[in-house]
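*Asks:* Residues 0 to 167 (numbering that gives the first Met the number 0) are what the sequence shown spells out, left to right. Dropping the structure in here first, questions after.
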Amino acid sequence: MQPQESGIKTWQWVVTVIVIIILIVIGFMVFGNKGAQVPPVTDNTSAAPATQSNNVNRIVMSDQYPGNVVYLSSVQMQNAGWVAIHKDNAGQPGAIIGYAAAPAGINPVKVTLTESMIDGGTYYAMLHSDDGDGKFDATKDMPLKAANGDIIMFVFHASTSVGASLKG
0 MQPQESGIKT WQWVVTVIVI IILIVIGFMV FGNKGAQVPP VTDNTSAAPA
50 TQSNNVNRIV MSDQYPGNVV YLSSVQMQNA GWVAIHKDNA GQPGAIIGYA
100 AAPAGINPVK VTLTESMIDG GTYYAMLHSD DGDGKFDATK DMPLKAANGD
150 IIMFVFHAST SVGASLKG
């Protein structure tokens with residue numbers, strides 16, 4: 000009887016390994032795109048020669064806890080500028096509800112909002128240039144664009160499920 004039992008155990012082992020592999024693949028397919036989805040982009044608004052295309056502007060962040068503060072894990076700016084947080088307006092960036100200076104280089108940025116984010120709400124973190132006066136003005140400090148012409152922004156959501164460590 001012992002050979003028959005080991006055959007069953009081997010069969011169970013093979014099935015268990017196959018199920019685990021399938022679950023891992025499904026996990027990557029379902030949850031793999033939930034992190035920071037930031038393509039590498041270059042700022043084509045500067046007068047820098049094309050040979051300096053390795054300079055990039057980007058945002059790295061995650062969904063936020065509802066409240067009046069947004070934490071951006073990393074903001075990379077070729078030149079000092081601004082991060083503006085926009086409310087959603089029918090699937091597009093709407094009114095600006097907060098902004099903060101973003102120094103050149105790679106830095107974390109904290110933005111205090113003029114109105115609180117609501118649970119389930121969609122928001123946009125957008126990079127803006129600075130016109131040189133050191134004051135944010137949405138009519139003069141224009142959104143930065145990638146080489147393909149897209150505005151550099153990150154769409155995020157306010158959710159109570161992101162954890163208490165992100166409370167603002």
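For each residue, glycine too, the CB sits at the ideal point set by N, CA and C. Since the structure is predicted, the reported quantities are computational estimates derived from the model, not experimental observations.
Please classify A101: is it buried, with 16 or more other beta-carbons within 10 angstroms of its beta-carbon, or exposed?
*Replies:* A101 should be labelled buried.
*Asks:* Any idea which residues DSSP pairs F153 with across the strands?
*Replies:* Its beta-bridge partners are A124.
*Asks:* Which class does I117 belong to by DSSP, given the choice of helix, strand or coil?
*Replies:* It is coil, neither helix nor strand.
*Asks:* Nearest-angstrom Cα distance between A145 and D118?
*Replies:* Straight-line Cα distance between these residues: approximately 30 Å.
*Asks:* Out of G66, N106, M152, which has the shortest C-alpha to C-alpha gap to L143?
*Replies:* Nearest C-alpha to L143: M152.
*Asks:* In terms of alpha-carbon separation, which member of G120, S72, K134 lies closest to P92?
*Replies:* P92 has its Cα closest to that of G120, out of G120, S72, K134.
*Asks:* Nearest by alpha-carbon distance to E114: which of D129, A103, I95 is it?
*Replies:* It is I95.
*Asks:* Helix, strand or coil: which one does DSSP assign to T111?
*Replies:* Strand, per DSSP.
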